[in-house]
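Everything on this sheet refers to the single structure shown next.
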Amino acid sequence: MNILHSTPQKDGFYMPAEFSAHDGCIMIFPHRRDSWQNGAYAARKAFAQVIGYISQSEKVTVCARYEDYDAARFLLPPYVRVVEMESDDAWARDVAPTFVTNGQTIRGIDWGFNAWGGLEDGLYFPWDKDNKMARKLCDLLEVDSYDRRDFILEGGSIHSDGEGTLLTTEACLLSRGRNPHLTKETIEQRLKENLGVQKVLWLPCGIYQDETNEHVDNICAFTAPGEVVLAWTDDTADPQYALSKRCWDYLMRVTDAQGRALKVHRLPLPKPVTITAEECDGLDDMDGEPTRRPGERLAASYVNFYIANAHVVVPQFGDEKDAAALAILQKLFPTRKVVGVYARDILIGGGNIHCITQQIPHAGSLQGGKSL
Ligand code: KQY
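Just so you know, the working numbering puts 227 at position 227 of the sequence shown, and the rest follows in order with no gaps.
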């Protein structure tokens with residue numbers, strides 16, 4: 001497929017909102033023994049449940065390494081496409097292309113990937129297999145792609161409303177391990193020209209202990225143009241309180257690209273989720289991921305959901321707030337069925353349902369795309 005060196009904005013392309021129609025979803029079969037406990041056995045089951053929901057309304061493509069192909073093919077239903085593709089880990093949100101559309105066709109953006117911070121504070125080395133996936137996927141899907149490997153960016157660090165506004169966090173995009181040679185203004189310019197947006201909203205921070213340098217997709221997400229959910233706790237003694245409050249204050253004073261004040265819905269957080277000694281024992285110590293320690297707090301948040309054509313798939317933690325989170329989201333997505341998947345085994349890897357998925361927008365998505 002063609003490699004493009006112009007910019008999506010110049011070519012009339014933009015990133016549609018996740019709540020616009022999708023043609024499909026990309027995922028990766030987990031395998032990394034220092035990310036997923038007990039050889040990823042339980043994580044694979046959780047991924048399969050997520051796939052089970054999404055595949056009811058979208059074509060799901062799962063990338064599996066050669067040595068995992070049979071396990072993936074056996075576990076997943078036949079209507080899920082399993083393709084052999086090498087990867088370093090399983091975070092499709094961050095290593096698959098970000099897709100842009102002009103309303104008639106889609107193209108992919110191949111960002112640079114350095115495992116969330118490279119040699120500065122990245123989470124594993126090497127990451128070269130992950131860094132090649134966006135190009136391979138564009139070839140597989142037969143879409144042209146923009147070569148942006150000179151700019152480090154992960155899909156989990158951006159959310160678009162499809163109407164000219166992008167959400168991100170300063171903590172992540174200005175971190176030293178990504179593009180330290182670029183100023184905030186230049187980074188903003190790159191976001192605008194590649195994602196076809198007119199305004200970038202810079203939340204200051206994300207979720208406490210989020211090892212991605214606080215990706216936006218764990219703290220805040222668009223549910224409609226002009227509307228977001230924000231991960232929230234009322235517990236002022238929790239270190240998360242100050243982080244959520246800073247984001248709340250910011251969101252209260254900004255307007256989006258259309259000049260609208262944002263409607264902000266608070267989505268409660270579960271009680272702090274910590275990893276057990278037994279779970280730590282199930283993780284291989286390797287010369288890669290920082291080793292988790294028993295009692296370490298994980299970055300659990302209900303905001304890390306995936307908006308499929310017919311469902312919203314939401315992480316559940318066995319917490320008393322699980323049901324409330326589903327109920328709040330069901331009100332915000334009245335045309336979709338909001339469903340929960342017990343996601344502790346995904347969380348142990350360091351992310352959640354949004355992080356393991358990447359939507360392929362419908363080629364005909366309208367500006368601001370209507371939900372189905
Ligand atoms: O949250 C994400 N988008 C990825 C998390 C990566 C964690 C690696 N251990």
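All C-beta atoms in this analysis are idealised placements derived from N, C-alpha and C, irrespective of residue type, glycine included. Note that the structure is a prediction, hence the values are computed from the model and not measured.
- In this structure, residue 349 lies near residue 30, with their beta-carbon atoms less than 8 Å apart.
- Residue 337 and residue 311 have their C-alpha atoms spaced approximately 5 Å apart.
- Bridge pairing for residue 17: absent [DSSP].
- Proximity of the beta carbon of residue 120 to ligand 1 is not indicated: no heavy atom of the ligand is located closer than 7 Å.
- Taking each of 33, 190, 182 in turn and checking the Cα distance to residue 6, the smallest one comes out for 190.
- Residue environment analysis places residue 84 among the exposed positions, since fewer than 16 neighbouring C-beta atoms fall within 10 angstroms of its C-beta.
- In the three-state reduction of the DSSP assignment, residue 321 falls in the coil class.
- Shown here for residue 2: same chain residues with a beta carbon closer than 8 Å to its own, the five before and five after excluded, namely 144, 145 in chain order.
- According to DSSP, residue pairing for residue 59 in a beta bridge involves 24.
- The alpha carbon of residue 238 has as its nearest neighbour, out of 208, 86, 74, 186, the alpha carbon of 208.
- Following the DSSP letters along the chain, one finds residue 187 inside the alpha helix (DSSP H) bounded by residues 184 to 195.
- Per DSSP, the unbroken beta strand (DSSP E) holding residue 83 starts and ends at 81 to 84.
- In the DSSP assignment, residue 341 falls within the unbroken beta strand (DSSP E) covering 337 to 342.
- Taken through DSSP and simplified to helix, strand or coil, residue 47 comes out as helix.
- The beta carbon of residue 104 is closer than 8 Å to those of 363, 364 in its chain, skipping five residues each way along the sequence.
- Contact between residue 137 and residue 26 holds: their C-beta atoms lie close to 6 Å from each other, under 8 Å.
- The residues 17, 222, 225, 256, in chain order, have a CB closer than 7 Å to that of residue 161 in the same chain once the five nearest residues on each side in sequence are set aside.
- Taking all protein chains shown into account, residue 119 has fewer than 16 neighbouring C-beta atoms within 10 Å of its C-beta and is therefore exposed.
- Residue state for residue 201 is assigned as strand, using DSSP reduced to three classes.
- Along the length of the stretch 250 to 304, whole alpha helix (DSSP H) runs at least 4 residues long occupy 277 to 281, reported in chain order.
- Each residue's CA atom was taken as its position, placing residue 198 and residue 179 some 21 Å apart.
- Using a Cβ-Cβ distance cut-off of 8 Å, the stretch 45 to 54 and the stretch 98 to 114 are not in contact, since fewer than three pairs of beta carbons, one from each stretch, lie closer than that value.
- If the five residues before and after residue 273 are omitted, its C-beta is found closer than 6 Å to the C-beta atoms of 298, 300, 317, all from its own chain and listed in chain order.
- By the C-beta density criterion, residue 89 is buried, having at least 16 other C-beta atoms within 10 angstroms.
- In the structure shown, the three-state DSSP call for residue 311 is strand.
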